[in-house]
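Trainee: Those protein sequence lines, which keep their order, are chains U and P.
Heads up: the first sequence begins at 49 in my numbering, then just goes up one per residue.
Heads up: the second sequence begins at 867 in my numbering, then just goes up one per residue.
The C-beta atom is built at its ideal place from N, Cα and C for all residues, glycine as well.
Every value quoted in this text rests on a predicted model; they were computed, and no experiment measured them.
The structure's right below; bear with me while I get my questions together.
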Amino acid sequence: MQTGLEDQLGLYQKRIPIFTRSVKGKFRRFKTSVLVLAYAIFFLLPWLPWSRLDAPAQAVLFDLPGRRFLIFGLTVYPQDVVWLALLLFIAAILLFFVTGLVGRAFCGYFCFQTLWTDFYIWIEHLIQGERPARVRLYRQPWDREKVLKVGGTHALWLLASFWTGVTFAAYFAYAPQLVLDFFTGQAAAAAYITIGILTVSTYAAAGLMREQICTYVCPYGRFQSVMYEAETLAVHYDARRGEAAHGRASARAGQRTLAERHEKGLGDCVDCGLCVQVCPVGIDIRDGLQYKCISCGLCIDACNTIMDSFNFPRGLIRYDSEKNLASPTPTAPKVQWKRLKTIGYGVALILMSAYLVYSIGTRGSFDRAVNQIRQPLYVVLSNGDIRNRYQIRITNKAGQDQVYVISAHGIPADALDLGNFSEIAVKPGHSGLVQASVRLSPTLAAQTHQFELVITPQGKPAEARSETVRFDSPGRRQ
Amino acid sequence: MSEQKLQSQTVQTTGHAWDGDLQEYNNPLPVWWVYTFYATVIFAIVYWTIYPSWPIGKDWIGGVSDITYVNSEGETKTHSWNTRALLLEDLNQAAAAQKPYFDKVASMSYEQIAKDPEMNGFILSSGKALFADNCAPCHQAGGQGVVGFFPNLTDDDWLYGGSFDTIHETLMGGRRGYMPTFGEVLSGQQIDQLANYVASLSGIGHDAAKAAAGGALFNSETAACFYCHSSDAKGRKDIGAPNLTDNIWLWANVPAADGDEGKIAAIRGVISNGLNKGVMPAWAGRLSPEQIKVLTVYVHELGGGQ
């Protein structure tokens, strides 16, 4: 339908306030469990102690000035950035995989926008009461009660936002010290700016904007539709059952039991509107699958409650696939994974996760970079010998001081000159730099195209790593 | 279609009518745009107040903010805010951050610096920057020099010696390479004999008879080569006279010459024309003593020292 000019006068739609009714059921229980678990992890993790030799005793600490992430027993350095790439890849694939199977499960149960909005609605409910009380409060003039209740709600929201910001910042600095410094005005400017921005943005996103973030801001909410297939499970209203021949109707006398309703050609939907009242994004699921739906399942809980009270069978609103709903002989909804796309995502997920685990599990205790000095590639010495030089950088990734011994394979032992550093001690998290030069006689140089430099942590021969390097001499082009 | 649009729309007019019936629609800019514009105007006024802005003749409005910096004479000055002072301040801060390292350089001996892993790392990075800024125009980025012009610092042949002390001396006082012109003193035949002798010292194909004559000439008072290059032709480091018996060539571009005849011709050219171009400037006074010390260790490491 094309809208007339008169409807286009406002460029932006004014937000229609949503007052969600609370509901009980298995989806509500699941959402609450996820919320409690996620909050417990997010808010408590920075306070978990973890004994370390050279860093604050914090289990998870993203040490930006030290250029390292300390995650329990693992220290991640910038060189390990491939892990971050793998992690992001796995997260993306997991999202596609799950969405293809059961729709926007991430949006409905795990997304932090959903979690925080849920928590803020809970605060609102705690102070202002159930939906009718909130609607009444919204409509009444600004009297003492409204100022106190609305003000109290916003104050609690701001407090929750502030602590969200503090907790986020606590992942980047030693948490007890950060909190102390913050309140005594000693913390770094970055801490104040981060906490300030997060306080404001959390308050705005979870308290004020809520479903508008999902509808207007979030790109994932909008591109998820390409991941849906006809077999994808999503929250659906069974229109065939709910509307029947003559549509939904309230459960008045004479059309209260299923038998009476079926005789009159009425659907099973009693049009109580509870599914709309509990919806956090303010839609009517009975209009069909729509982009605003975050698939949180609360309407399923609401509808099941009503169906139970009328002794109707459950599942008028349920997780089902479009294909099954449209089928002349619908079966019980089940997860259908036997599709090329789903299997492809699943395989990619397993491969990449396995590679990440393998890569972390087999990481060496040090990082090395051996660079041949290219200016000049080789030097002819006074007796005709050829000399190549190499710069060796060793980064100690282990938790303690370590001495490294450098040796060479494939050339005579006396050809390698390490100056004063045949062994070098490196502090944890630091790098050591060694200049090596290799001197070969012209005959030997002509035969030697490459050799191996071996770096061995002293006392740990099993962790030795070798690096193949070129040897250049005049008159040879490789 | 368009008529229908006109009828159905309720856009306001500005209220003026010209020529009886000409009216103008009032389509105001979006509110957010207008307020953003006002905000930029306010921002501009605040900016003018704080930072330098309007020129007045040869002067300008300095703004209320100012900047305190230490100038190159070491005086602390306060001036209205400007980026040149900010740069000076930044440079001073960077110098202050480097100072502990340079102080350590000053207090340690060359051998101690070269053996300390942390200081060695500092020399490799800061020395590389100093070398690139000051030395690389002649000696090239890697210190490999240019045959015929600037000595290679990465080989093991040191004209004036490759110890820490001689490298330091070279850096501080500079050097001047000189070899007299023999073209007018000796005959062409004598120069050819000398060139064959020099070629024979480095294993280049030569005429044995000429080389034998050249060897005699080398150590005779006629040519008097041995005064500088010493009688065994191994040179004298105290005056920078090069060793003629090794494979390193600086002035005669022997490595690039084609065939033995070409190589001998290159040597002949140097003998007959002499040299007066091996000038290395003195760096004392241009670089700080600590910087020269850093460069000394860096250059020593380039060629492996002696």
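With distances taken from CA atoms, which of U/ALA446, U/ARG76, U/GLU500, U/GLU178 is nearest U/ALA461?
Mentor: For the residues U/ALA446, U/ARG76, U/GLU500, U/GLU178, the minimum Cα distance to U/ALA461 belongs to U/GLU500.
Trainee: Quick check on the DSSP output: what are the complete alpha helix (DSSP H) runs of length 4 or more inside the segment 74–140 of chain U, in order along the chain?
Mentor: You should have 74–92.
Trainee: Listed from N- to C-terminal order along the chain, which residues in the segment 998–1009 of chain P have their beta-carbon within a distance smaller than 9 Å of any beta-carbon of chain U?
Mentor: Residues GLN1006, ALA1007, GLY1008, GLY1009.
Trainee: Going residue by residue through the segment 208–250 of chain U, where are the continuous alpha helix (DSSP H) segments of at least 4 residues, counting only ones entirely within it?
Mentor: The segment 208–250 of chain U contains these whole alpha helix (DSSP H) runs: 223–231, 237–250.
Trainee: Please name the residue in U/LEU118, U/GLY447, U/TYR438 whose C-alpha comes closest to that of U/SER455.
Mentor: It is U/TYR438 whose Cα lies nearest to the Cα of U/SER455.
Trainee: Which same chain residues end up closer than 8 Å to U/ALA223 when comparing Cβ atoms and leaving out the 5 residues on each side of it in sequence?
Mentor: Only PRO94, TRP95, GLN106 meet the Cβ criterion.
Trainee: Excluding the five sequence neighbours on either side, which residues of its own chain have a C-beta within less than 6 Å of the C-beta of P/GLY1081, listed in chain order?
Mentor: Taken in chain order, the residues that qualify are TYR1063.
Trainee: So U/VAL326 and U/SER298 are supposed to be a Cβ contact under 8 Å. How far apart are they, rounded?
Mentor: Not a contact, Cβ separation roughly 18 Å.
Trainee: Can you pull the chain P neighbours of U/PRO378, defined as C-beta to C-beta under 8 Å?
Mentor: Going along chain P, no residue has its Cβ under 8 Å from U/PRO378, so there is no contact; the nearest lies around 46 Å.
Trainee: Which residue spans inside the segment 253–324 of chain U form an unbroken alpha helix (DSSP H) run of at least 4?
Mentor: List check, alpha helix (DSSP H) in window: 267–271, 287–291, 306–312.
Trainee: Can you tell me which of the three DSSP states P/VAL1012 falls into?
Mentor: Strand.
Trainee: Check whether chain U comes within 7 Å of P/ILE1114, counting only Cβ atoms and requiring the distance to be less than that.
Mentor: Judged by the 7 Å Cβ criterion, P/ILE1114 is in contact with chain U.
Trainee: In three-state terms, what does DSSP make of P/LYS1100?
Mentor: Of the three classes helix, strand and coil, the one that applies to P/LYS1100 here is coil, per DSSP.
Trainee: P/ASN948 touches chain U at which residues, Cβ-Cβ below 9 Å?
Mentor: None at all; the shortest Cβ gap to chain U is about 24 Å.
Trainee: Determine the burial state of P/GLN1010: buried for a count of at least 16 other Cβ atoms within 10 Å of its Cβ, exposed for fewer.
Mentor: Counting Cβ neighbours within 10 Å, P/GLN1010 comes out buried, since at least 16 surround it.
Trainee: Give the residues of chain P in contact with U/PRO424, contact being defined as C-beta atoms less than 7 Å apart.
Mentor: Chain P residues near U/PRO424: GLY1008, GLN1010, THR1020.
Trainee: Since P/LYS1103 meets chain U, which of its residues come closer than 8 Å, beta carbon to beta carbon?
Mentor: Result: empty, since nearest Cβ-Cβ is about 13 Å, beyond 8 Å.
Trainee: Where do the N-terminal and C-terminal ends of the alpha helix (DSSP H) with U/GLN423 fall, by residue?
Mentor: Unbroken run through U/GLN423: none, as it is neither H nor E.
Trainee: Should the segment 126–145 of chain U be called in touch with the segment 322–339 of chain U, which here means at least 3 C-beta pairs below 8 Å?
Mentor: Because the criterion of three Cβ pairs below 8 Å is not met, the segment 126–145 of chain U and the segment 322–339 of chain U do not touch.
Trainee: By DSSP, does U/TYR438 sit in helix, in strand, or in coil?
Mentor: U/TYR438 falls in the strand class under three-state DSSP.
Trainee: Inspect the beta-carbon positions of U/GLY447 and U/PRO490 and report whether they are closer than 7 Å.
Mentor: Not closer than 7 Å, so no.
Trainee: Grab me the residues of P/TRP1115's own chain with a C-beta within less than 7 Å of its C-beta, minus the 5 sequence neighbours each way, in chain order.
Mentor: Taken in chain order, the residues that qualify are VAL1013, PRO1121.
Trainee: Does chain P have any CB closer than 7 Å to the CB of U/ILE442?
Mentor: Answer no: the Cβ-Cβ gap between U/ILE442 and chain P never drops below 7 Å.
Trainee: Tell me whether the segment 1091–1104 of chain P and the segment 1123–1132 of chain P touch, counting them as touching only if at least three CB pairs, one residue from each stretch, are closer than 8 Å.
Mentor: Cβ pair count under 8 Å is below three, so no.
Trainee: Quick one: using the 10 Å Cβ neighbour count with 16 as the cut-off for buried, is U/TYR406 buried or exposed?
Mentor: Exposed, since its Cβ has fewer than 16 Cβ neighbours within 10 Å.
Trainee: Are three or more beta carbon pairs between the segment 142–153 of chain U and the segment 275–290 of chain U nearer than 8 Å?
Mentor: Flag = yes, the segment 142–153 of chain U and the segment 275–290 of chain U touch.
Trainee: Tell me, please, whether the CB atom of P/GLY1106 is closer than 7 Å to any CB atom in chain U?
Mentor: Output row for P/GLY1106: interface = no.
Trainee: Just checking: is the beta-carbon of P/PRO966 within a distance shorter than 7 Å of some beta-carbon in chain U?
Mentor: Chain U, which has no Cβ nearer than 7 Å to the Cβ of P/PRO966, makes this no.
Trainee: Among residues of its own chain, excluding the 5 on either side of U/THR232, which ones have a beta-carbon nearer than 8 Å to its beta-carbon?
Mentor: Once the five neighbours on either side are set aside, U/THR232 has no close Cβ partner at all.
Trainee: On the DSSP letters alone, give me the boundaries of the alpha helix (DSSP H) that P/PRO1003 sits inside.
Mentor: Looking at the DSSP string, the run of the alpha helix (DSSP H) that includes P/PRO1003 is 1002–1005.
Trainee: Going by DSSP, what residue range makes up the beta strand (DSSP E) through P/ILE933?
Mentor: Run containing P/ILE933: 932–936, per the beta strand (DSSP E) assignment.
Trainee: So what's P/GLN870 in DSSP terms, helix, strand or just coil?
Mentor: Confidence in P/GLN870 is poor, its pLDDT being 45 and thus under 50, which makes the residue's placement unreliable; the coordinate value appears in the next sentence. Helix.
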